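So the structure is just underneath, and the comments pick up after that.
Chains as they are written, first to last, in the UniProt record's numbering: chain A, 1 to 348; chain B, 1 to 348; chain C, 1 to 348; chain D, 1 to 348.
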């Protein structure tokens, strides 16, 4: 079994998830070396996993154990590191988002394309076995024509204000996942209408100009409608579930329980709920790095390209604009992201 | 046990459901007499249930066995019969909608109020044991502040074009049920944004200027968001389910299976789905007439008043307008239905 | 719609359930008259339901409003009243058990047969829509050859000792229901092995020579195995569920939740459980009286005959004997109940 | 993170599962070297996983990369290899069963104890997260006194006759898993009564003196009852589910669906079922080797000892005897397996 050694940059929350997966759960991708700007963190990880470590990203790129790189650093470093990796001839896996602004996102996608390396962005849901199975049945035509798409992504509680300030806003940070899934399962979008509310902490969210609850309505080029609901204050737990209603069948992807048993007490039966994305997706993060490694080894297309990331980002921007203006935003897929469309374009 | 004999007007699909319930499932309400314009239908029902029958609504109103009346005639007759019943001093249960236009609806509500009789409109969902139980827990504060309301109402297949033409349109005919539930469980609405599509039969629906799929977004006075999805082409079966997400708890009302067993074959387990509202609501229609009868006997308030019906109708009209104009419609509850509000009113 | 007026004898717990159903939920069977030995109870019921009442069972039998009789009196009166009813030419519905001893049970069944009237015994589960649907699919051959039958009947908490003393013991009082279902769904039995324990109150149950927990293993004539578990101390609620595993399919009849919604709080989702047989079977008791009324009106066979009741009783006796002796009891169906078989008969 | 390199002996079906887990999913245990008697198989695995390979078990034991050994060879080699490993001072993980006869099992357990090494046997269910979570809650007293234990283990279809002949029989091969779980979750057993049937292929199973369907009833020392049902011909799929009913709560461990989505078509919703133990237990086999590695590294007790394996084997023998004789077998736990008890011992 051919494997690919990956140099992992960044050892924060997502970086550690990737490191654990590369060290112990992936089957094709392997942990080759680690980088973190903080020498304590970098050394500790190097020792824990028994791999070379460095505090210089250039050194990581140059290390023979980094046959490809995975970038899980703070958001601001995603784009420059991706570009540096690509220019060094390394295939790159990068956590989402590529950047918080469109110009940088576009420039990064173009730079990577010019360098001719593989580039995959971290939309993990496409690699979860349940989602992948449904996508395959939709591709096979078992669902028929899609009439309605419905998706929920909800967090149990808000992250700290410091995180929110640098998150790019609710639509770019959270909704973007459902927008990627919408394109993946149903196709391109022609209209975005977004509604937001700050329910859990009205003052706090107003202070950063953001919301904790949103409903986004999509109209697809096919004529189908879509609706996404998102929350940072679901209270009960993490939720990620989707329904696709078609002319021949309807698929509903569950939000699983945390454990596979029920507990009965007088008059009541209860089940544990998953608390966060780690509990919800025990397999998807390992699978996305294995998928990346396979694409690199086989020179086959990655399953989430930079162009996919750009398209989802553009839809998130449209949602943000719709929320701010109170108007539907008409969009047109150009092959490289979305352009604004006039309403007559949509109707035509 | 005190009972109330009801004169039932109209023996079409809904009329027969009510007749069966009054004859055999209600515990307080009883079938007193039946009216239908078609003498064959009226006689047959009279003989089947062993009650007096007539082809004259005036006769029904005058009959001593019609201590109150229930109106399940074609829509156009709802308002005049309600008014006639009220003027004859009869308490009135009337199927929804009161009328397909606002003026008639308002006039009917006013006429009934003037007559001082009890008046209940047929939003059956409020009487289903599951919905009623959730409503009670919300009223008791167990759910906390509501952040998100989500509701689906879907039919398996479209009714014939002839029905659609006289239905008042998708929002007034279908969405109105979810709009009533939204007000009942969450409170008054300040904004309505609707999106529609004709997916199952684009030409057919275009011909009658209607849609078969809709997504309606609500903003509540409390700041909460709501989203309703409706379909006349769900394919798999009938669906009526609702979620209310609050700060302390989240309630999800299921769409039940048709039968309480699963059937396992190699690699697959399957369950029957309910096909229509009759299978979905085996108890609610009987309970609403019992609720009406109890309110009449106790002189207590009915659980769905003419004012409630008017408010739901007004929200359906706002949805229809929003769909046609592509704009959010701001509304303001006046105590007797909704008025249009300017956007600044909403923001204030 | 032809209906049958039934004279109801006995207005205890089961009697009141039947009275309510006959008065308000049955569609063919109607409450014709009531009898109870206690004049206060009888009068109150007569007035509540608006039917004639009496404290003399002879009077009930003679009353024209008692076209047939339903017997829900204390167990000791079941057999003599059934016989009296049959001799008076009345078709009889009788609550289970016919009697607590075999001789009386056999004599009653014979007496009724001699009188040539219809006789149905109260095994309600056969009339529940879920069970009836599964039975029909098994009859149609969809399940293939049965390999394993599994059934649970559990009560939340033990009845008072006074009830236990007159109950005939756990196997005759509780297990008998599962034994009837086993015969109905799978066929005749050739071996019974029973195990019992008194877990909730060892001294109390020892004092009456009874158990609160039992496991009964069946071997069917077809070669299939069956297992029944019963409890009077399930703690969490009432349970009645069954699985039939066949060569072509496996059916599992659920124990339903009390309400059709889930309630989510941090980390947990919960559902209400049914507490007793009344919540578990909202429809079956009404359906069994309608089934009886239809059989009487159509002169078609009843769905649970006296012979069925005798067979289930005999299997319960075999279970009781097996539990007391610690040995498997071999049985042979004779057409009128079960006889003891020698082991060689079984093997042959 | 300290890791343990394991020398894996045997590369059949179970061996490959362990090899994949050690190579890619375990976090503490690592694949150190592989042995198989077949040089093609051994070399192929060595090359696939990049570890040393050998066709000599002595060489494996001597290799420094085999810090401990895991034995997944054909059953007949389990005991001698375990003994050889222990005598070489290696901690040993061995697939179940240790042997097909009691003398060898006892001798092996004693030999290992004498050698003073760690010894874990492959009852994987104890390492599944769902089962482990329930066990922990039972240990913590949340369930109260156990009244009833119920467990199902079912295979979709029978293995070939050649496998059956060397399997030790249904009770030693299949039921033994549920017997281990019974001891683990509830405690020691005092009576075993077993019933068997050959339903799928009566002649085939008669030829090897075995059954494909069994029901085993247990009486625990605590007074609780237990019931196990097993099948080699479930038809619909693999099943492994357990219920423990206690005085304070009841736990039900599910048999999960294969995928986390439902697929709705007209009138029907369906879900995929798991087909075999690999789909049912994606995590347990990796977790059991990690558990073994942790016990070795920490010198803490293993979670399934040789004594546990012997006790489960003894209960399986008692079940086999009970099935063959048609009588209940009374047993007594001795600290090292079970001895036969007289009935008076049980009652005392």
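We put the beta carbon where it would ideally sit given N, CA and C, even for glycine. None of the values given here were measured: they were computed from a predicted structure.
**Asked** Residue ranges of each beta strand (DSSP E) run of no fewer than 3 residues wholly in the stretch 33–119 of chain C, ordered along the chain?
**Response** 68–71, 91–94
message = Considering only their Cβ atoms, is the gap separating residue 109 of chain B from residue 149 of chain B smaller than 9 Å?
response = Position 149 of the second chain, counted from the start, is the residue given in the question as residue 149 of chain B. Position 109 of the second chain, counted from the start, is the residue given in the question as residue 109 of chain B. No, the pair does not count as a contact, with Cβ atoms beyond the cut-off.
Check each candidate in D:200, D:191, D:199 and name the one with the smallest Cα separation from residue 196 of chain C.
-> Sequence index remark: in the third chain, residue 196 of chain C carries index 196 (1-based). Considering only alpha carbons, the answer is D:191.
Open item on the list: Within 9 Å of any Cβ in chain D, is that where the Cβ of residue 331 of chain C sits?
Closed with: Translated into the one-based positions of the third chain, residue 331 of chain C becomes position 331. Cβ-Cβ to chain D under 9 Å: no for residue 331 of chain C.
(Q) Below 8 Å on the Cβ atoms is my contact criterion, and I expect residue 255 of chain B with residue 241 of chain B to pass it. Report the Cβ-Cβ distance as a whole number of Å. (A) In the second chain, the residue the question calls residue 255 of chain B occupies position 255. In the second chain, the residue the question calls residue 241 of chain B occupies position 241. Yes, they are in contact, since the Cβ atoms of residue 255 of chain B and residue 241 of chain B sit about 4 Å apart, within 8 Å.
message: Can you list, in chain order, the residues of its chain with a C-beta nearer than 6 Å to that of residue 10 of chain D? Leave out the 5 residues immediately preceding and following it.
response: Counting from 1 along the fourth chain, the entry for residue 10 of chain D is found at position 10. The answer, listed in chain order, is 72, 73.
### Task
Give the C-beta separation of residue 268 of chain A and residue 236 of chain A to the nearest angstrom, bearing in mind that I take them to be a contact with Cβ-Cβ under 8 Å.
Counting from one through the first chain, the residue named residue 268 of chain A turns up at place 268. Counting from one through the first chain, the residue named residue 236 of chain A turns up at place 236. Actually they do not touch by this definition, with Cβ atoms about 16 Å apart.
Exercise. Beta carbon of residue 302 of chain C: closer than 8 Å to some heavy atom of the ligand MN?
Worked result: Absent from the structure shown: the ligand MN. Ligands present: none.
Could you please give the first and the last residue of the uninterrupted alpha helix (DSSP H) stretch that includes residue 21 of chain C? In the third chain, the residue the question calls residue 21 of chain C occupies position 21. Where residue 21 of chain C is concerned, the enclosing alpha helix (DSSP H) stretches over 13–24.
Indicate whether at least one CB of chain D lies closer than 9 Å to the CB of residue 40 of chain A.
-> The residue given as residue 40 of chain A occupies position 40 in the first chain. Residue 40 of chain A does not count as touching chain D.
Practice problem: Would you tell me roughly how many angstroms separate the C-alpha atoms of residue 308 of chain C and residue 280 of chain C, rounded to the nearest one? | Solution: Numbered from its first residue, the third chain carries residue 308 of chain C at position 308. Numbered from its first residue, the third chain carries residue 280 of chain C at position 280. Looking at the two C-alpha atoms, the distance is approximately 23 Å.
Does any CB atom of chain C fall closer than 9 Å to the CB of residue 236 of chain A? Residue numbering aside, residue 236 of chain A sits at position 236 when the first chain is read from its first letter. Output row for residue 236 of chain A: interface = yes.
Which residues in chain A sit within 7 Å of residue 282 of chain C, going by Cβ to Cβ distance?
The count along the third chain starts at 1 and reaches residue 282 of chain C at position 282. Neighbours of residue 282 of chain C on chain A: none; closest Cβ ~17 Å, over 7 Å.
**Asked** According to DSSP, is residue 8 of chain B helix, strand or coil?
**Response** Here residue 8 of chain B refers to the residue found at position 8 of the second chain. In the structure shown, residue 8 of chain B sits in a strand (DSSP, three-state: E or B).
**Request:** Pair every Cβ in the stretch 316–331 of chain C with every Cβ in the stretch 34–54 of chain C, then say whether three or more of these pairs are closer than 8 Å.
**Result:** no
*asked:* Suppose you measure from the CA of residue 297 of chain B to the CA of residue 19 of chain B; what does that come to, to the nearest Å?
replied: Along the second chain, one-based indexing puts residue 297 of chain B at 297. Along the second chain, one-based indexing puts residue 19 of chain B at 19. Looking at the two C-alpha atoms, the distance is approximately 20 Å.
**Request:** Report buried or exposed for residue 64 of chain D, applying the criterion of at least 16 other Cβ atoms within 10 angstroms of its Cβ.
**Result:** Position 64 of the fourth chain holds residue 64 of chain D. Exposed, because fewer than 16 other Cβ atoms sit within 10 Å of the Cβ of residue 64 of chain D.
- [ ] Less than 8 Å between the CB atoms is what I'm expecting for residue 59 of chain C and residue 5 of chain C, so what's the real figure, rounded?
- [x] Locating residue 59 of chain C in the third chain gives position 59, where the first residue counts as 1. Locating residue 5 of chain C in the third chain gives position 5, where the first residue counts as 1. Rounded, the Cβ-Cβ distance is 15 Å, inconsistent with contact.
Buried or exposed, going by whether 16 or more other CB atoms sit within 10 Å of the CB of residue 348 of chain D? To locate residue 348 of chain D, count along the fourth chain from 1; it is residue 348. Reliability of the predicted coordinates at residue 348 of chain D is poor, the pLDDT of 41 falling under 50, and the value obtained from them is presented with this limitation in mind. Answer is exposed; the Cβ neighbour count stays below 16.
Q. For residue 271 of chain C, which three-state DSSP category applies?
A. Along the third chain, one-based indexing puts residue 271 of chain C at 271. DSSP places residue 271 of chain C in strand when its eight states are reduced to three.
message = The alpha helix (DSSP H) that contains residue 229 of chain C, what's its start and end?
response = As a working note, residue 229 of chain C is residue 229 in the third chain. It is not in any alpha helix (DSSP H) - residue 229 of chain C instead sits in the beta strand (DSSP E) that spans 225–231.
Notebook entry, point to check: residue 396 of chain D and residue 270 of chain B: beta carbons closer than 9 Å?
Noted result: The question about residue 396 of chain D has no answer here: the residues shown for chain D are numbered 1 through 348.
Worksheet item: Taking 9 Å as the CB-CB limit, is residue 266 of chain A close to chain C?
Response: Along the first chain, one-based indexing puts residue 266 of chain A at 266. Interface residue, yes.
Can the beta-carbon of residue 194 of chain A be found less than 9 Å from the beta-carbon of residue 107 of chain A? Taking the first chain and counting its residues from 1, one reaches residue 194 of chain A at position 194. Taking the first chain and counting its residues from 1, one reaches residue 107 of chain A at position 107. Not in contact: residue 194 of chain A and residue 107 of chain A (Cβ atoms no closer than 9 Å).
Counting C-beta neighbours from all protein chains within 10 Å, is the total for residue 163 of chain D 16 or more, i.e. buried, or is it exposed? In the fourth chain, counting from the first residue as 1, residue 163 of chain D sits at position 163. Exposed is the call here.
Notebook entry, point to check: In the DSSP assignment, what residue or residues form a beta bridge with residue 195 of chain A?
Noted result: On the first chain, position 195 is the one that residue 195 of chain A refers to. Bridge partners of residue 195 of chain A: A:215.
If contact means a Cβ-Cβ distance below 7 Å, which residues of the stretch 209–231 of chain D contact chain C? 213, 215, 217, 219, 223, 224, 225, 227, 229, 231
Beta strand (DSSP E) containing residue 149 of chain B: first to last residue?
Sequence index remark: in the second chain, residue 149 of chain B carries index 149 (1-based). Run containing residue 149 of chain B: 146–154, per the beta strand (DSSP E) assignment.
Per-residue DSSP class, three states only, for residue 143 of chain D: On the fourth chain, position 143 is the one that residue 143 of chain D refers to. Correct three-state label for residue 143 of chain D: coil.
Residue(s) in a DSSP beta bridge with residue 250 of chain C: Within the third chain, numbered from 1, the residue matching residue 250 of chain C stands at position 250. According to DSSP, which records beta bridges pairwise, residue 250 of chain C is partnered with B:264, C:245.
**residue 342 of chain D burial status per 10 Å Cβ neighbour count (16 or more: buried)** = Within the fourth chain, the letter at position 342 stands for residue 342 of chain D. Under this definition residue 342 of chain D is an exposed residue.
Output needed in chain order: residues of the stretch 251–263 of chain B with a Cβ under 8 Å from some Cβ in chain C. 251, 252, 253, 254, 256, 259, 260, 261, 262, 263
Give the secondary structure of residue 190 of chain A by DSSP, where H, G and I count as helix, E and B as strand, and everything else as coil. Taking the first residue of the first chain as 1, we reach residue 190 of chain A at position 190. Strand.
### Status (buried if at least 16 other CB within 10 Å, exposed otherwise) for residue 118 of chain D
What you label residue 118 of chain D is simply residue 118 of the fourth chain in a count that begins at 1. The residue in question, residue 118 of chain D, is buried, as its Cβ has 16 or more Cβ neighbours within 10 Å.
* To do: Determine the burial state of residue 203 of chain C: buried for a count of at least 16 other Cβ atoms within 10 Å of its Cβ, exposed for fewer.
  => For the purposes of this step, residue 203 of chain C is taken as residue 203 along the third chain, with counting starting at 1. So residue 203 of chain C ends up on the exposed side.
Next item on the list: Assign residue 284 of chain A to one of three DSSP states: helix, strand, or coil.
Entry: By one-based count along the first chain, residue 284 of chain A stands at place 284. Helix, per DSSP.
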